[in-house]
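Visitor: Here it is, the structure, as structure tokens.
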Amino acid sequence: MDPDETSLGDKMIQFKRKENLIDEKAVLLLVSAGSAKAFSQLFHHYSPKVFQYALKIVKSDTLAEEIVQEVFVKIWNLEEQLVAIENLDAYLRVLTRNHTLKVLRRIALEVKTNRMMVHTYQEDHNDTEEYIIFKDSEKILNQAIEKLPAQQRMVYSLCHQEGLKYEEVAERLNISKLTVKTHMQHALRFLRNYVSTHTDIAVLVILMTFLSEK
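1 is the number of the first residue of the sequence shown in UniProt numbering; add one for each residue after it.
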């Protein structure tokens with residue numbers, strides 16, 4: 001699919017705009033057919049949202065802009081698969097999260113590699129870089145867990161720290177499975193937001209990977 005393709009010309013479906021909304025299906029159909037104009041409108045409409053979501057995690061304008069570019073390159077390359085997307089906003093959010101984590105992992109690896117080039121690890125594991133990073137991440141996560149409401153903290157502890165399934169937690173606490181799931185979703189959302197504002201990238205990679213839903 002050639003990004004410069006303009007053969008659709010007059011066949012370009014006009015986007016329905018109301019309160020800055022666009023007709024997602026029409027846009028995706030046109031982009032899947034190779035319309036550079038439609039892709040440009042799609043980019044200008046959604047890129048600010050993608051940028052802000054990425055920025056909340058990486059805390060860097062440069063990295064957030066890089067993620068925006070990667071996300072929309074991915075969208076362009078989906079071609080005919082685009083028409084199968086039911087909720088573009090939600091799809092972009094997931095795509096942004098995945099690319100953001102990939103960037104964080106890459107940076108963490110680069111940081112670790114650079115440090116290894118200038119430092120010799122000591123024999124005592126308590127003094128190694130990995131141990132220090134792990135202890136930092138553990139401390140930050142524990143601080144965040146303590147700030148959870150009592151019920152969310154209990155559910156999180158049983159699910160993530162004791163490894164119980166939602167059904168087992170529901171039975172133990174005498175609540176519904178749906179209530180357990182809701183508590184976990186709220187707890188994980190709070191914990192992710194907390195650690196993203198209280199740590200550096202190397203630790204954040206560890207915690208964000210750990211704080212994924214079961």
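Cβ atoms here follow ideal geometry from the backbone N, Cα and C, with glycine treated the same way. Treat the numbers as computed from the prediction; the structure is a model and nothing was measured.
(1) Leaving out five residues before and five after E86 in sequence, what residues of the same chain have Cβ atoms less than 7 Å from its Cβ?
(2) With H, G and I counted as helix, E and B as strand and the rest as coil, what does DSSP make of N142?
(3) By how many angstroms is the C-alpha of M154 removed from the C-alpha of E162?
(4) Taking the alpha helix (DSSP H) that I175 belongs to, which residues open and close that run?
(5) Does DSSP classify L164 as helix, strand or coil?
(6) Rounded to whole angstroms, what is the Cα-Cα separation between C159 and F39?
(7) What do you get for E171, buried or exposed, if any count of 16 or more other CB atoms within 10 angstroms of its CB means buried?
(8) Are the Cβ atoms of V50 and L88 separated by less than 9 Å?
(9) Any chance the segment 44-64 sits against the segment 88-100, with 3 or more Cβ pairs inside 8 Å?
(10) Give the single residue among K139, F190, K102, V83 whose Cα lies nearest to the Cα of V71.
(11) Quick one: give me the first and last residue of the alpha helix (DSSP H) that N77 is part of.
(12) Tell me the DSSP secondary structure of P48 in three-state form.
(13) Using a Cβ-Cβ cut-off of 8 Å (strictly less than) and excluding sequence neighbours within five positions of I145, which residues of its own chain qualify?
(14) Output the boundary residues of the alpha helix (DSSP H) element that contains Q81.
(15) How would you label S35, buried or exposed, when you count the other beta carbons within 10 angstroms and need 16 or more for buried?
Guide: Let's see:
(1) none
(2) helix
(3) 11 Å
(4) Per DSSP, I175 belongs to no alpha helix (DSSP H) and is neither H nor E.
(5) coil
(6) 42 Å
(7) exposed
(8) no
(9) yes
(10) K102
(11) 61-78
(12) helix
(13) R153, Y156, S157, L191
(14) No alpha helix (DSSP H) contains Q81, which DSSP labels as neither H nor E.
(15) buried
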